[in-house]
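K.L.:
Sharing a structure below in structure tokens format, with a few things to ask.
Numbering (my numbering), first residue to last: 466 to 734.
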């Protein structure tokens, strides 16, 4: 099935998303024909819009989005499992940018199981020509030329994705999402202050593991070499889903323990 596209009105090319990348994106998740984690995703959207000084409409309530996706996606298109990649952008119609109206565009990628581990492990490598910042705006999904460059680099080198470092040469994230490193009973996650994305999907997963004492979750500053020390590596992408990392350079990784943890997490929904 092809992705489904929706807009808040007639699409106008004279919008700042198209012209200068003035937009933010947040994903919502459908499982068993119901929205899951909708509150977390909604509050992340509101926080992202505030960080970008967007004029948030009074109609943008949690109930508005629940009704919108229920009517147009779950009932209208019959989507039972999928990821809604919702993008809100600023128009060019205000006296000032902070007063300009906003519009939205979103697409829905249908999945067999939105929380399932993707069957094919990824091959990654580190990229050192560029890095990502670790400031206030680095944690939200906004226009990122580093992601574009990294994606093209991965394609040209027969990789699935690349690991991006911050200016301190420590691991921030991949172009697609966040990385989790399993060593023994410890799962290390790069800090948001290192340039990692804020991710409702990741937060829900690690909170479940912590509450049920299934793993010791630790936020760390992780140097590039530590990727080779991990026993298993997971990539969680709000936009694309959940993937295991099978290879980085000459090092290969298993994913048996992460698979067990994901299966336990899925049963909690």
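Idealized CB from N, CA, C, for every residue including glycine.
If you reduce the DSSP assignment to three classes, tell me which class residue 595 lands in.
P.N.:
Here residue 595 refers to the residue found at position 130 of the chain shown. Collapsing the DSSP output to three states places residue 595 in coil.
K.L.:
Quick check on residue 583: does DSSP put it in helix, strand or coil?
P.N.:
As a first step, residue 583 is located in the chain shown; it is residue number 118 there, counting from the start. In this structure, residue 583 counts as coil in the three-state DSSP scheme.
K.L.:
Please classify residue 466: is it buried, with 16 or more other beta-carbons within 10 angstroms of its beta-carbon, or exposed?
P.N.:
Locating residue 466 in the chain shown gives position 1, where the first residue counts as 1. Any reading at residue 466 is ruled out, since the residue's pLDDT is 48, under 50, leaving its predicted position unreliable.
K.L.:
Tell me whether residue 710, by its Cβ, gets closer than 7 Å to a heavy atom of the ligand COA.
P.N.:
Only the bare structure without any ligand can be found here, which leaves the ligand COA out of the picture.
K.L.:
List the endpoints of the continuous beta strand (DSSP E) containing residue 637.
P.N.:
On the chain shown, position 172 is the one that residue 637 refers to. Looking at the DSSP string, the run of the beta strand (DSSP E) that includes residue 637 is 636-639.
K.L.:
For residue 558, which residues in the same chain have their Cβ closer than 7 Å to its Cβ, ignoring the five residues on either side in sequence?
P.N.:
Here the question's residue 558 lines up with position 93 in the chain shown. Cβ neighbours of residue 558 beyond the five flanking positions: 565 and 566.
K.L.:
Using a Cβ-Cβ cut-off of 8 Å, state whether residue 632 counts as contacting chain B.
P.N.:
Chain labels in this structure do not include chain B; a single protein chain is all it has.
K.L.:
Would you check if the stretch 583-600 and the stretch 619-631 touch, i.e. whether three or more CB-CB distances between them fall below 8 Å?
P.N.:
yes
K.L.:
At what residue ranges does the stretch 599-687 contain a whole run of the alpha helix (DSSP H), taking only runs of 4 or more?
P.N.:
610-621 and 665-676
K.L.:
Closest to residue 571 by CA distance: which of 730, 693 and 494 is it?
P.N.:
Position 106 of the chain shown holds residue 571. Looking at the Cα atoms, 494 is the closest of the given residues.
K.L.:
Can the beta-carbon of residue 707 be found less than 8 Å from the beta-carbon of residue 693?
P.N.:
To locate residue 707, count along the chain shown from 1; it is residue 242. To locate residue 693, count along the chain shown from 1; it is residue 228. No, the Cβ-Cβ distance between residue 707 and residue 693 is not below 8 Å.
K.L.:
For residue 483 and residue 568, what's the separation of their Cα atoms in angstroms?
P.N.:
Within the chain shown, the letter at position 18 stands for residue 483. Within the chain shown, the letter at position 103 stands for residue 568. So the two alpha carbons sit approximately 12 Å from each other.
K.L.:
Mind checking which residues open and close the beta strand (DSSP E) that includes residue 727?
P.N.:
Position 262 of the chain shown, counting from 1, holds the residue named residue 727. Premise fails: residue 727 lies in the alpha helix (DSSP H), 721-731, not in any beta strand (DSSP E).
K.L.:
Tell me whether residue 525 sits in a helix, a strand or coil according to DSSP, three-state version.
P.N.:
The sequence position of residue 525 within the chain shown is 60, counting from 1. Coil, per DSSP.
K.L.:
Go ahead and pull the three-state DSSP assignment for residue 700.
P.N.:
The count along the chain shown starts at 1 and reaches residue 700 at position 235. Judged by DSSP in its simplified three-state form, residue 700 adopts strand.
K.L.:
Within 10 angstroms of the Cβ of residue 523, are there 16 or more other Cβ atoms? Answer buried if so, exposed if not.
P.N.:
For the purposes of this step, residue 523 is taken as residue 58 along the chain shown, with counting starting at 1. By the 10 Å Cβ count, residue 523 comes out exposed.
K.L.:
Would you mind working out which of 588, 504, 639 and 514 sits nearest residue 659, comparing C-alpha positions?
P.N.:
Position 194 of the chain shown holds residue 659. It is 639.
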